[in-house]
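Taking it in order: structure first as structure tokens, then the write-up.
Chains as they are written, first to last, in this note's numbering: chain D, 20 to 135; chain P, 5 to 119.
Here you go:
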């Protein structure tokens with residue numbers, strides 16, 4: 020079974036600075052997806068960024084980028100120029116690429132605080 | 005396009021009561037699922053469906069029933085609520101291409117308290 024580990028329960032960063040959230044996973048599969056979801060106080064789960072394991076290039080979405088290290092099974096999220104609106108819980112998630120195996124396996128989350 | 009909608013947003017039940025959490029999506033997604041979120045545990049899969057008439061169990065199915073009579077709707081039923089079912093419930097859906105599947109999108113969640 021796949022597992023996802025987020026070892027940082029809480030992180031904080033000064034506004035406009037850069038912060039990196041860590042995620043490691045364990046799987047025997049070679050083809051899969053990795054995601055970062057953001058959950059603000061509104062409780063809504065918002066997709067931040069997605070990475071396909073077969074792609075060597077790291078995904079980027081504006082101020083958000085990932086460092087995907089397949090051999091090390093590591094998938095960290097970098098937030099540049101942190102803004103107050105980035106304050107939220109961040110969840111790393113894994114999903115197999117096999118058709119019919121849509122289950123998302125989540126980490127326990129990292130609570131990010133932005134210091135003005 | 006409303007995306008994934010869930011009702012109600014909040015619910016308080018007494019032990020032993022039954023209720024149905026509603027989930028609907030208007031994106032013609034084949035895949036739908038229910039997760040529960042408990043403090044310190046992330047989200048865990050309860051049940052899922054790959055299309056109308058097809059459902060299967062996830063990681064924590066006990067105490068919950070589902071059915072999928074249409075592509076749009078995927079209700080979650082609690083037959084006899086227990087305090088251990090106090091949680092936040094999320095419905096999610098995605099479009100499955102048959103070859104590679106798409107990202108799952110989540111509803112706004114239902115906070116359920118069982119007394």
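A virtual CB, placed ideally from N, CA and C, is assigned to each residue, including glycine.
Closer than 8 Å to chain P by CB, residue i
i	result
residue 48/D	no
residue 122/D	yes
residue 63/D	yes
residue 69/D	yes
residue 110/D	yes
residue 53/D	no
residue 104/D	no
residue 125/D	yes
residue 131/D	no
Simplified DSSP state of residue i, which is helix, strand or coil
i	result
residue 102/D	coil
residue 89/P	helix
residue 33/P	coil
residue 7/D	Summary: the structure shown does not reach residue 7/D, with chain D confined to residues 20 through 135, and so no result is reported for it.
residue 42/D	coil
residue 64/P	coil
residue 77/P	strand
residue 112/D	strand
residue 19/P	coil
residue 80/D	strand
residue 97/P	strand
residue 26/P	strand
residue 95/D	strand
residue 6/P	coil
residue 54/D	strand
residue 69/P	strand
residue 82/P	strand
residue 37/D	coil
CB contact below 8 Å: residue i versus chain D
i	result
residue 64/P	no
residue 92/P	yes
residue 78/P	no
residue 12/P	no
residue 23/P	no
residue 7/P	no
residue 52/P	yes
residue 35/P	yes
residue 108/P	yes
residue 116/P	no
residue 84/P	no
residue 45/P	yes
Delimiting residues of the beta strand (DSSP E) encompassing residue i
i	result
residue 67/D	65 to 71
residue 84/D	83 to 88
residue 125/D	123 to 125
residue 33/D	29 to 33
residue 117/P	114 to 118
residue 129/D	129 to 134
Contact check, residue i vs residue j, beta carbons under 8 Å
i	j	result
residue 19/P	residue 80/P	no
residue 121/D	residue 35/P	yes
residue 28/D	residue 107/D	no
residue 94/D	residue 87/D	yes
residue 113/D	residue 124/D	yes
residue 97/D	residue 37/D	yes
residue 109/P	residue 7/P	yes
residue 68/P	residue 60/P	no
residue 93/P	residue 40/P	yes
residue 72/P	residue 57/P	yes
Heavy atom of the ligand GTP within 7 Å of residue i beta-carbon
i	result
residue 67/P	Of the ligands one can find in the structure shown there are none, so the ligand GTP has no counterpart to examine.
Any chain B beta carbon closer than 8 Å to residue i
i	result
residue 112/P	Of the chains in the structure shown, none is chain B; the protein chains are D and P.
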